[in-house]
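When the letters of the sequence shown are read in order and numbered with my numbering, they come out as residues 1080 to 1161.
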Amino acid sequence: MKDSTKNEEIGKVIWHSLNELGESHFYDVRFKRGVVRNIPKSELITVHEQQHSHEVTEDDTEDDTEDLDDIGLDIEKDAAKL
């Protein structure tokens, strides 16, 4: 995805929100400059799309977010602060 609000740098989505309707509205994207979190969908331009699905269960109480500290990134920024 490209960040349409900055310099249109291409990055890779590493996390996305997911509501009850299966819609994603916020993304964490890894750019060369680091990870930018909570970017609204409206501020991104899709350049390559790959679909996947999430299984819904009644007892799905486990947190599905990935621990980004475990993948060795030194720079993390919140999109709201840019």
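Glycine included, every Cβ here is placed at the ideal spot set by N, Cα and C.
Please read these numbers as outputs of a predicted model, since none were measured by experiment.
{"Item": "Going by alpha carbons, who is nearest to Lys1163 out of Glu1088, Val1108, Leu1100 and Glu1134?", "Value": "There is no way to answer for residue 1163, as the model of the chain reaches only from 1080 to 1161."}
{"Item": "State the DSSP-derived secondary structure class of Lys1111, mapped to helix, strand or coil.", "Value": "coil"}
{"Item": "Do Val1114 and Ile1089 come within 8 Å of each other at the CB atom, strictly closer than that value?", "Value": "no"}
{"Item": "What is the rounded straight-line gap between the Cα of Thr1125 and the Cα of Leu1100?", "Value": "21 Å"}
{"Item": "Who are the Cβ neighbours of Arg1097 in its own chain at under 7 Å, not counting the five residues just before and after it?", "Value": "Reading off the sequence shown, one finds Leu at residue 1097, where the question assumed Arg. Within the same chain, Leu1097 has close Cβ partners Ser1103 and His1133."}
{"Item": "Could you tell me the alpha carbon to alpha carbon distance between Asn1117 and His1095, rounded to whole angstroms?", "Value": "8 Å"}
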